[in-house]
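Protein chains in written order, with full-length UniProt numbering: chain A, 1 to 146; chain B, 1 to 146. Glycine included, C-beta positions come from ideal geometry on N, C-alpha and C. Before any comments, here is the structure.
Protein chains: 2
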Amino acid sequence: MSENAQETRIADALIQVTRLVERVFAEVGRHCELTPQQAQLLCLLTDGPIGMTDLSRLLNLEKSSLTGLVDRVERRGLVARHRDTCDRRAWHVALTEEGQRAGAETHDLVNARLEALAEDLPASDRDQVAAALVHLLAAHRRTTAD
Amino acid sequence: MSENAQETRIADALIQVTRLVERVFAEVGRHCELTPQQAQLLCLLTDGPIGMTDLSRLLNLEKSSLTGLVDRVERRGLVARHRDTCDRRAWHVALTEEGQRAGAETHDLVNARLEALAEDLPASDRDQVAAALVHLLAAHRRTTAD
DNA sequence: TGACAACGATTCGCAACACGAACTAATTTG
DNA sequence: CAAATTAGTTCGTGTTGCGAATCGTTGTCA
Chain A
1 MSENAQETRI ADALIQVTRL VERVFAEVGR HCELTPQQAQ LLCLLTDGPI GMTDLSRLLN
61 LEKSSLTGLV DRVERRGLVA RHRDTCDRRA WHVALTEEGQ RAGAETHDLV NARLEALAED
121 LPASDRDQVA AALVHLLAAH RRTTAD
Chain B
1 MSENAQETRI ADALIQVTRL VERVFAEVGR HCELTPQQAQ LLCLLTDGPI GMTDLSRLLN
61 LEKSSLTGLV DRVERRGLVA RHRDTCDRRA WHVALTEEGQ RAGAETHDLV NARLEALAED
121 LPASDRDQVA AALVHLLAAH RRTTAD
């Protein structure tokens, strides 16, 4: 197969995989009574509190959009904003106790669903796919590093 | 590495790749003066006219959401609805001449961007990644076939 | 040391987008 | 031929997104 056809296959596959992952977030979110975007936010926050600037970068959102998203989730009692101790401009967003439960459940269900997809792949393939995707992501970061 | 750690790596990688692909659609869409969702729609339509039911399935949207999306793009003169010849309930959505230009440009730019990500991978890896992703997608379709 | 630039986050206006119930018209089924 | 189902729309409601403008705070520089 020519190199161009190989690459087109990857592009198509990546797009379809993206739709699949989005669907997983939508379905798991529905189960946990979260919108897909709320589910993504809570999953990220299971790693610990983080600033708005970092969150907006991770979620590819304008800060104003993130403000609204955090407002809605805060209103539900799932997250809380805490002042940064060193920089009074900054806030950290953290999960509340209830948010930790919801975030853990969401994170576990999403991972379980995505892992189930990979179950059919031989272990050697999985490792290679993961390594290749990580490599692809790293390459992208290098080309877009500020 | 344990099998579970392998699978978690795949889950994380798939999520990050999804964000990357979404970003590509957002950036290419901005360039083409389309919203990300409009860009996705036009890309799908470059394959030819399709019914609303099939489109909503491909885009993971409720039919009512698709009605609005198609309305907005139709209003811009990029698509047109055509009556199905066999089933008077059904409509097919097709690109207009202008829509074909926009759709082709969007499709080519998205593919170019995604292909550029894969350039760093050795050809043998690309082929294996594409094959593995296609396999993963096919397995998913088998488990969810109606 | 003070002026200015930059940063972190919010507010505001606007439009896109999403779901799901209810509906209409058309087709399929028994 | 009536009932069930399908294709797509309307409607109400809420979420989500961008970008300009704004405010308070921090960092930089002459």
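- Using a Cβ-Cβ cut-off of 8 Å, Gln38 (chain B) does not count as an interface residue toward chain A, since no Cβ of chain A sits closer than that to its own.
- Each of A:Thr35, A:His135, A:Asp120, A:Leu136 was checked against the Cα of Ala138 (chain B), and the nearest Cα belongs to A:Asp120.
- Listed in chain order, the beta strand (DSSP E) elements of length 3 or more contained wholly in the segment 31-92 of chain A are 79-83.
- Across the structure, Ser56 (chain B) and Thr18 (chain A) are spaced so that their CA atoms are roughly 16 Å apart.
- Rounded to the nearest whole angstrom, the C-alpha separation of Ser65 (chain A) and Gly51 (chain A) is 14 Å.
- Excluding its 5 nearest sequence neighbours in each direction, Val79 (chain A) has C-beta neighbours in its own chain below 7 Å: Leu45, Val70, Val73, Val93, Ala94, Leu95, Thr96, Gly99, listed in chain order.
- Boundaries for Leu121 (chain B): no alpha helix (DSSP H) harbours it, and the DSSP string shows neither H nor E there.
- Residue pairing by DSSP places Leu95 (chain B) opposite B:Val79 in a beta bridge.
- Against chain A, a Cβ distance below 8 Å from Thr18 (chain B) picks out Val17, Thr18, Val21, Glu22.
- Sequence-distant Cβ neighbours of Arg113 (chain A) in its own chain, meaning closer than 7 Å and more than five residues away, are Val24, Val28.
- With respect to chain B, the C-beta atom of Glu33 (chain A) has no partner C-beta closer than 8 Å.
- In this structure, Gly103 (chain B) and Leu42 (chain B) form a Cβ contact; the two beta carbons are roughly 4 Å apart against a cut-off of 8 Å.
- Using a Cβ-Cβ cut-off of 8 Å, Glu115 (chain B) counts as an interface residue toward chain A, since at least one Cβ of chain A sits closer than that to its own.
- Those residues of the segment 119-143 of chain A placed with their C-beta closer than 7 Å to a C-beta in chain B are Asp120, Leu121, Ala123, Asp125, Arg126, Asp127, Gln128, Val129, Ala130, Ala132, Leu133, Val134, His135, Leu136, Leu137, Ala139, His140, ordered along the chain.
- In terms of Cα proximity to Val21 (chain A), the closest of A:Asp47, A:Arg9, A:Cys32, A:Ala39 is A:Ala39.
- Nearest CB-CB separation between Leu14 (chain A) and chain B: below the 8 Å threshold.
- No Cβ-Cβ contact shorter than 8 Å links Ala116 (chain B) with Leu133 (chain A).
- At a cut-off of 8 Å between beta carbons, Ile50 (chain A) makes no contact with chain B.
- Nearest Cα to Ile10 (chain B) within the set A:Pro49, A:Thr67, A:Arg126: A:Arg126.
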